[in-house]
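Position 168 (the sequence shown) corresponds to 163 in the working numbering; numbering is contiguous.
In what follows, a structure is listed as structure tokens, so that the remarks can point back to it.
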Amino acid sequence: MKKKSQNNLFVHSAVKIDLLGKYLSKYFSIMSNTPYVDIVHYYDLFSGPGIYDNGGEGSPMVVLGKLKEVYSRGKERNADLSTYRCNFNDIDPRLIEKLKNNIEAANIHCAEIGSIAFSSIDYKILCGELRDTLKKMPKNEKAFVFIDPYGYKEVRFSEIKDLLTGKNSEVLLFLPTHFMFRFNENGTPESLHNFIDDIVPKEQWPKSETGLDFVENLKEAFQKNLGSDYFVDSFIISREKNQFFCLFFFTSHIYGFDRMLDTKWQIDEEDGRGWKFNSNSIDLFSGVTNGPNISKYEKILKVFLKEKRSNKDLYQFSLHNGYLPSHTGQILKKCQDDGNLIATLPDGSRARKSSFYISWDNYKNNQSEKAFFRLK
């Protein structure tokens, strides 16, 4: 699939790279500190030249920079680090040559970290090869795949699904959802029909009143198609009023989902949903300008707490609703201070005040429940 050359890194493109870099900084740190992973593969299927004419850094340079930072910190601790194998592909061999030169000039990678491979293979062919590679990947290896195509005509959800089947990979996919929604409104073209039909039967596709509706409908369709063993998240980029583009994140690991949510809230401190072009304009998502907007979530959580729930239930509930465990803790503390929360330990005794145990550390490795909560 041909990707038209992009000479400059636009603002909304820089936001994509910012999210990618912030998340991979966490991802690389986790992979470097676990004894269960020896090799990490990074695949960029539409890499571009790495540095654009206006000096903006593309995904390869940002990712290699984050990897070098994580590796340097690990070496300072004398940690036994994972090996990283970075794979950069672009259908245009001229861009790959530019990328090679840019990486060498920046001195941003060393053999001690791992290897770099370059290719100029058509996306469709590469997807098939990568699918087969991931299916055979040993348990001590993990992979992250970044797909940032020009358009969407030849991208299919079934390809993303294939890349996830081994449960050893995560995928970050960019889609020009504004153009897809516009076509959806004005008579759906064959390319969009084909894209949607690959996810859900045409007659089951809901009507989208707004661009945000379209993004949410896509996310829900992705999740339904993949099933409960996987997590799907979205990050909305608003380039102009009512112009919404979107990154979709796919993983089979709840902690990866946790870390992506944390990254989103790091960028959008009010809603954790996306990025707005003009931060001084009215918030397109909530209209709230001070602190995290958790009022809507508070209502949903209080309904959930009409029945007794464990700390592990609340951890999952937080993430599935797009909120951080810390947000759930804030709401529970408020309910507790108001005298409306019943908090007990597994033996039935009263739990210590403000001890909620809602975190990955209290969830991982099939731990037993540490506390139960219910509203009076």
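Where is the CB? At the ideal position from N, CA and C, for every residue including glycine.
As the structure is a computational prediction, the values presented were derived from the model and not from experiment.
In this structure, the alpha-carbon of Arg80 lies about 6 Å from that of Tyr37. Each of Pro287, Asn288, His315 and Gly286 was checked against the Cα of Phe299, and the nearest Cα belongs to His315.
Counting only runs of 4+ residues, the alpha helix (DSSP H) found wholly inside the stretch 221 to 276 occupies 249 to 262, in chain order.
A contact is defined here as three or more CB-CB pairs under 8 Å, and the stretch 308 to 328 meets this definition with respect to the stretch 346 to 362. A direct Cα-Cα distance of roughly 23 Å separates Ile12 from Pro287.
By the criterion of at least three beta-carbon pairs nearer than 8 Å, the stretch 144 to 155 is not in contact with the stretch 44 to 57. Secondary structure of Thr128 (DSSP, three-state): helix.
Beta-bridge analysis with DSSP links Arg80 to His36 and Ser110. Closest in alpha carbon position to Lys137, among Lys365, Leu327, Asn212 and Thr78, is Thr78. The stretch 68 to 78 makes contact with the stretch 25 to 32; the number of CB pairs closer than 8 Å reaches 3 or more. Unbroken beta strand (DSSP E) stretches of 3 residues or longer found wholly inside the stretch 129 to 166: 136 to 142, given in chain order.
Note that the C-beta distance between Ile91 and Leu59 is not below 8 Å.
A residue is called buried once 16 or more other Cβ atoms fall within 10 Å of its Cβ, and Tyr66 is buried on that count. With fewer than 16 other Cβ atoms from the protein chains shown falling within 10 Å of its own Cβ, Ser350 counts as exposed.
Distance from the CA atom of Glu302 to the CA atom of Lys365, rounded to whole angstroms, is 17 Å. Straight-line spacing of the CA atoms in Ala101 and Asp143 works out to 23 Å. Pairing Lys63 with Lys371, the inter-Cα distance amounts to about 51 Å. Per the DSSP secondary-structure output, Ile46 pairs in a beta bridge with Glu52. Spanning the alpha carbons of Ile108 and Phe41 requires a straight line of approximately 22 Å. Secondary structure note for Thr29: it is in no alpha helix (DSSP H), with a DSSP letter that is neither H nor E. For Ile295, there is no enclosing beta strand (DSSP E); the residue is part of the alpha helix (DSSP H) that begins and ends at Ser290 to Phe299.
The three-state secondary structure of Ile116, taken from DSSP, is coil. Counting along the chain, the unbroken beta strand (DSSP E) around Arg369 starts and ends at Phe367 to Leu370.
Under the three-state reduction of DSSP, Arg347 is assigned to coil, being neither helix nor strand.
Within a 10 Å sphere around the beta-carbon of Pro320 sit 16 or more other beta-carbons, which makes this residue buried.
In the three-state DSSP reduction, Thr339 falls in the strand class (E or B).
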